[in-house]
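Numbering (our numbering), first residue to last: 13 to 447.
No residue lacks a Cβ here, since even glycine has one placed at the ideal position from N, Cα and C.
Following: one structure in structure tokens, then a few remarks.
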């Protein structure tokens with residue numbers, strides 16, 4: 013990017029005013045921003061962006077869809093974000109009528125609010141269709157989180173260009189496709205690079221574990237019955253969507269059942285994003301053997317910020333679904349095993365379209381398999397057990413940890429743009445070019 017906003021332009025942005033007729037006093041013109049997140053990870057991204065913007069101006073009006081974190085930053089969600097959290101091609105088709113209705117409701121709300129910007133957080137199939145309606149009306153449209161055109165269907169770049177003024181990329185490897193097609197895109201890095209609790213890395217693991225248990229009644233009850241009779245603590249994260257939990261957790265439990273036969277002193281903690289997810293996870297576990305139920309604790313704690321990160325940091329390894337949690341584990345320098353399964357038809361379609369060999373972000377970033385991926389038919393109880401036991405061996409553990417730390421440091425070096433400032437700069441640049 014060759015053009016940047018000047019200090020005066022930033023000042024004008026923060027103190028944007030207009031003079032009313034007949035000598036009226038100067039009045040601030042609110043900036044109205046439409047914003048939509050379609051899942052829990054998008055809620056975190058959206059909240060981080062909203063906080064940055066709110067620090068620049070205190071009169072921003074937020075309209076759209078988001079979860080509890082975005083609502084804490086001033087958004088009154090038009091409807092729950094879970095309505096948009098649909099995973100997989102087949103599943104989307106089943107929910108299509110309601111998704112179309114949701115889009116109509118959003119566009120109507122945006123029109124009534126007369127928004128200036130639209131920020132679509134991830135969920136590109138939904139958000140880009142919304143943006144394509146808004147951009148011709150003069151709304152400045154930003155897609156925050158690039159669609160995976162670097163991995164499959166690069167031809168989608170033409171729709172992205174038609175729908176957006178700017179794409180904010182989370183990872184440096186995403187920029188090349190936008191450069192080839194001459195469309196504004198900036199690597200802002202993942203917010204986790206800025207927001208992850210660094211004290212978790214600076215504190216010895218035994219102290220992390222003690223503090224985690226001390227502040228949670230459920231964990232206290234779980235561990236008090238075991239005293240020091242724990243060999244390893246494994247954090248299990250089967251995903252944040254109901255579809256992921258019901259598809260992936262049973263496979264993980266198959267692996268856990270075999271693991272505790274080999275080592276009865278293994279313990280497993282499953283942190284959930286909210287109480288509803290806690291009930292869903294616990295219901296799946298309650299259908300299993302008493303031995304397995306006794307080895308697992310399912311915990312939700314809204315009193316501790318970033319509770320899942322604390323659970324990961326306090327664990328020896330993490331067993332998790334593919335997604336943002338793999339990045340969290342890498343930044344927390346926790347070795348991991350990735351387990352994932354999609355609807356069979358969805359997987360077969362994706363397998364033919366995707367041109368990258370990995371699903372886990374640490375592997376994509378490193379461009380090599382530094383963490384094991386157990387996908388589809390590979391995600392069996394036997395394979396999960398075998399892979400976890402192998403990772404718990406000191407040599408394999410140390411090797412993966414070294415690779416994770418090296419990949420993390422490279423990502424930190426390549427991610428140095430602020431999301432809010434990047435949007436403001438491009439807004440000024442493109443407005444100047446239209447004049």
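As assigned by DSSP and simplified to three states, the class of residue i
i           : result
residue 219 : helix
residue 184 : helix
residue 36  : Note that residue 36 scores 41 on pLDDT, short of 50, meaning its location in the model is unreliable; the coordinates nonetheless yield the value given after this. In the structure shown, residue 36 sits in coil (DSSP, three-state: anything other than H, G, I, E or B).
residue 49  : strand
residue 29  : Caution is warranted here: a pLDDT of 44 is assigned to residue 29, below 50, making its placement in the model unreliable, and the coordinate value is therefore given only provisionally. Residue state, collapsed to three classes: strand.
residue 76  : strand
residue 96  : coil
residue 404 : coil
residue 237 : coil
residue 208 : coil
residue 443 : helix
residue 248 : strand
residue 435 : helix
residue 162 : coil
residue 291 : helix
residue 202 : coil
residue 60  : helix
residue 425 : helix
residue 277 : coil
Straight-line gap, residue i to residue j (C-alpha atoms, nearest Å)
i           : j           : result
residue 70  : residue 41  : 11 Å
residue 194 : residue 398 : 47 Å
residue 245 : residue 206 : 27 Å
residue 307 : residue 256 : 22 Å
residue 304 : residue 416 : 30 Å
residue 278 : residue 430 : 42 Å
residue 201 : residue 217 : 27 Å
residue 242 : residue 274 : 14 Å
residue 159 : residue 116 : 22 Å
residue 378 : residue 414 : 12 Å
residue 167 : residue 175 : 14 Å
residue 324 : residue 344 : 8 Å
residue 401 : residue 371 : 22 Å
residue 331 : residue 123 : 44 Å
residue 442 : residue 387 : 43 Å
residue 134 : residue 299 : 35 Å
residue 301 : residue 280 : 15 Å
residue 55  : residue 410 : 34 Å
residue 137 : residue 49  : 12 Å
residue 348 : residue 221 : 18 Å
residue 77  : residue 144 : 18 Å
residue 180 : residue 264 : 34 Å
Near the ligand MG: residue i beta-carbon under 8 Å from a heavy atom
i           : result
residue 193 : In the structure on display, the ligand MG does not appear, and there are no ligands present to speak of.
Residue burial classification, residue i (beta-carbon count within 10 angstroms, cutoff 16)
i           : result
residue 182 : buried
residue 139 : buried
residue 67  : exposed
residue 438 : buried
residue 11  : Because the chain is modelled from 13 through 447, residue 11 falls outside the range shown and cannot be assessed.
residue 428 : exposed
residue 186 : buried
residue 236 : exposed
residue 336 : buried
residue 253 : buried
residue 328 : buried
residue 214 : exposed
residue 211 : exposed
residue 380 : exposed
residue 89  : buried
Chain-order list of residues whose beta-carbon lies under 6 Å from that of residue i (same chain, five-residue window excluded)
i           : result
residue 320 : 283
residue 184 : 199, 426
residue 59  : 81, 82, 85
residue 188 : none
Other residues of its chain near residue i: CB distance less than 7 Å, five sequence neighbours each side excluded
i           : result
residue 310 : 282, 284, 290, 293, 294, 297
residue 444 : none
residue 114 : 91, 95, 96
residue 435 : 154, 178
residue 234 : 309
residue 209 : 318, 321
Interface flag, residue i vs chain C, CB-CB below 9 Å
i           : result
residue 337 : Note that chain C does not occur in the displayed structure, where there is just one protein chain.
For residue i, the residue or residues it bridges with in DSSP
i           : result
residue 197 : 179
residue 282 : 310
residue 152 : 129
residue 348 : 330
residue 89  : 76
residue 386 : 351
residue 44  : 73
Cutoff 8 Å; reference residue i; Cβ partners in own chain excluding five residues on either side
i           : result
residue 127 : 44, 45, 46, 75, 146, 151
residue 125 : 44, 46, 73, 75
residue 419 : 342, 374, 377, 378, 382
residue 315 : 227
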